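Enquirer: In the numbering used here, the protein residues as written are 61 to 358. We put the beta carbon where it would ideally sit given N, CA and C, even for glycine. Keep in mind it's a predicted model, so treat the numbers as computed, not measured.
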């Protein structure tokens, strides 16, 4: 049998298919770029007296932005109130929650014309920025323990099964007895154990170090084997494709092991984030109401 068949044959001439996850990521990037461009335009014209927080467009930007941020309450209510559980899919509400959590603060920042003119306005703005930053952090942690941005929660055994599937695609030569024993030991070690945050973090760090060593050793052996073969009947392009595909599979396998080991860490971080995010949001609502009352009374 040709020794080249020991490694996966790369896909040739195919067109990479777009997936819902890639489409969603592209949409998010476009959305962030548009919002950032609008904020930059407002920042660059802040000294032109185009926006006054007390009258005209500036005033209504504050009203709309504040209303959108108040609408953020709809998402947690949709999840908790039985009467709202038939109001559309949770994923759609979550998507809307994230959009409002960006557009609302952006409009409020434009409303302020990037200035802090009073104590109550400063407190309200700082509270809003804290909540927005907390939302960004929460979105990242959420993505680490769910399948995509709107998918279901992942389980450690599912991630481990994915890693094992990647291992089976490494090729017969890398599935020999020596490597197989090492892979199985890594997979057993990667499974998280019920423990506290620091124990989970120490476990993930230890597994990460072992996975890094395995990845380096496997890449070194794989690349050396590819380069040492007789290339007389193996065109350069085909050899290059085999090398690139093999590297990618090795990296995907070890990345899946890292995610398996780190899942417990992100689960505990997400639980702690929930405890912090809600009080911050209530503080935002309280300070925003004080700001609105103060502006209209005084």
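(1) For a test of the three-state rule: what should DSSP assign to residue 142, helix, strand or coil?
(2) Quickly, what does DSSP pair residue 177 with across the bridge? List them, please.
(3) Going by C-alpha to C-alpha distance, which of 297, 244 and 96 sits closest to residue 274?
(4) Assess, as a yes-or-no matter, whether the region 323–334 is touched by the region 182–202 under the definition of 3 or more beta carbon pairs within less than 8 Å.
(5) Give me the Cα-Cα distance between residue 149 and residue 356, rounded to the nearest whole angstrom.
(6) Would the region 263–278 count as touching the region 311–323 if we require 3 or more Cβ pairs under 8 Å?
(7) What does the Cβ neighbour count give for residue 288, buried or exposed, with the cut at 16 atoms within 10 Å?
(8) Please classify residue 297 as buried or exposed, where buried requires at least 16 neighbouring CB atoms within 10 angstroms.
(9) Taking the beta carbon of residue 101 as the centre, do at least 16 other beta carbons fall within 10 Å, making it buried, or is it exposed?
(10) If you pair each beta-carbon of the region 147–166 with each one of the region 106–116, do three or more pairs fall below 8 Å?
(11) Give the secondary structure of residue 310 by DSSP, where H, G and I count as helix, E and B as strand, and everything else as coil.
(12) What span of residues does the alpha helix (DSSP H) with residue 107 cover, start to end?
(13) On the three-state DSSP scale, how would you describe residue 253?
(14) Spatial neighbours of residue 187 within its chain, please: C-beta separation below 6 Å, excluding the five flanking residues on both sides.
(15) Is it the case that the Cβ atoms of residue 171 and residue 113 are separated by a distance below 8 Å?
(16) Confirm, please, whether the CB-CB distance from residue 313 to residue 248 is below 8 Å.
(17) Let me confirm a value: residue 192 is counted as buried when at least 16 other C-beta atoms fall within 10 Å, else exposed. Which label applies?
(18) In whole angstroms, what separates the C-alpha of residue 144 from that of residue 303?
(19) Rounded to a whole number of angstroms, what is the C-alpha to C-alpha distance between residue 175 and residue 182?
(20) Count the other C-beta atoms from every protein chain shown that fall within 10 angstroms of the C-beta of residue 96, then say buried if there are 16 or more, exposed otherwise.
Expert: According to the structure data:
(1) Indexing the chain shown from 1 puts residue 142 at position 82. Here residue 142 sits in helix by DSSP.
(2) Position 117 of the chain shown, counted from the start, is the residue given in the question as residue 177. In the DSSP output, where bridge partners are listed per residue, residue 177 has none listed.
(3) Sequence index remark: in the chain shown, residue 274 carries index 214 (1-based). Nearest C-alpha to residue 274: 244.
(4) Three or more Cβ pairs closer than 8 Å define a contact, and the region 182–202 meets that threshold against the region 323–334.
(5) As a working mapping, residue 149 is identified with position 89 in the chain shown. As a working mapping, residue 356 is identified with position 296 in the chain shown. Separation of residue 149 and residue 356 (C-alpha to C-alpha, rounded to the nearest whole angstrom) is 38 Å.
(6) Taking 8 Å as the limit for Cβ pairs, the verdict is that the region 311–323 does touch the region 263–278.
(7) Here residue 288 refers to the residue found at position 228 when the chain shown is read from its first residue. Exposed, since its Cβ has fewer than 16 Cβ neighbours within 10 Å.
(8) In the chain shown, residue 297 corresponds to position 237, counting from 1. Classification for residue 297: exposed.
(9) Here the question's residue 101 lines up with position 41 in the chain shown. Per the 10 Å Cβ criterion, exposed.
(10) No, the region 147–166 does not touch the region 106–116.
(11) Residue 310 sits at position 250 when you count from the first residue of the chain shown. Helix, per DSSP.
(12) Taking the chain shown and counting its residues from 1, the one referred to as residue 107 is at position 47. Taken as a continuous stretch (DSSP letters only), residue 107 belongs to no alpha helix (DSSP H), as it is neither H nor E.
(13) Here the question's residue 253 lines up with position 193 in the chain shown. Secondary structure at residue 253: coil, using DSSP grouped into helix, strand and coil.
(14) By 1-based counting over the chain shown, the position of residue 187 is 127. Counting only Cβ-Cβ distances below 6 Å, and skipping sequence neighbours, we find 343, 344 and 347.
(15) Taking the first residue of the chain shown as 1, we reach residue 171 at position 111. Taking the first residue of the chain shown as 1, we reach residue 113 at position 53. Yes, these two residues count as a Cβ contact at 8 Å.
(16) As a position in the chain shown, residue 248 is number 188, starting the count at 1. As a position in the chain shown, residue 313 is number 253, starting the count at 1. Not closer than 8 Å, so no.
(17) Residue numbering aside, residue 192 sits at position 132 when the chain shown is read from its first letter. Under this definition residue 192 is a buried residue.
(18) Numbered from its first residue, the chain shown carries residue 144 at position 84. Numbered from its first residue, the chain shown carries residue 303 at position 243. Those two C-alpha atoms are separated by around 53 Å.
(19) Walking along the chain shown from the start, residue 175 turns up at place 115. Walking along the chain shown from the start, residue 182 turns up at place 122. C-alpha separation (whole angstroms): 9 Å.
(20) Within the chain shown, the letter at position 36 stands for residue 96. Here residue 96 is exposed, its C-beta having fewer than 16 other C-beta atoms within 10 Å.
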